[in-house]
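What follows is a single structure, written as structure tokens, with notes after it.
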Amino acid sequence: MNGGPRYGTIVERRASGGGLNGTVGAYTVQDDEDQRYYTFDYRQIVTEGFRTIRTGERVRFHVSADGFGRAEFVIRLDQPDPSEYYG
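If you're matching positions, the sequence shown starts at 2 in the working numbering and goes up one per residue.
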């Protein structure tokens, strides 16, 4: 299952209690091809901007080699308009 990149949709985001303010996000992505669910946190988001993802967003990711249903190297396919965050 490791292979190349996978594509999916973020189906859940929840606070995991970590980080400076206790608001680090944990995410779940559903794979488009096999419909399996994979989890990851903000550290796996590869970006030049915001390290957050919203439910419903499309991403590209790799399945972690550890075999525990983890996604890694998550890339947002549609970057949001910064005014949505700083409007």
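Backbone N, C-alpha and C fix where the C-beta goes; we use that ideal spot for every residue, glycine too. These numbers were taken from a predicted model, which means no experiment stands behind them.
- Residues Y28, T29 and T56 of the same chain have their beta carbon placed closer than 8 Å to that of E13, with the five preceding and five following residues left out of the count.
- If you check the CB distance, Y8 and R44 do not come in under 8 Å.
- Per DSSP, Y43 has no beta-bridge partner at all.
- A check of alpha carbon separations from Q36 across I76, G70 and G5 identifies G70 as the nearest.
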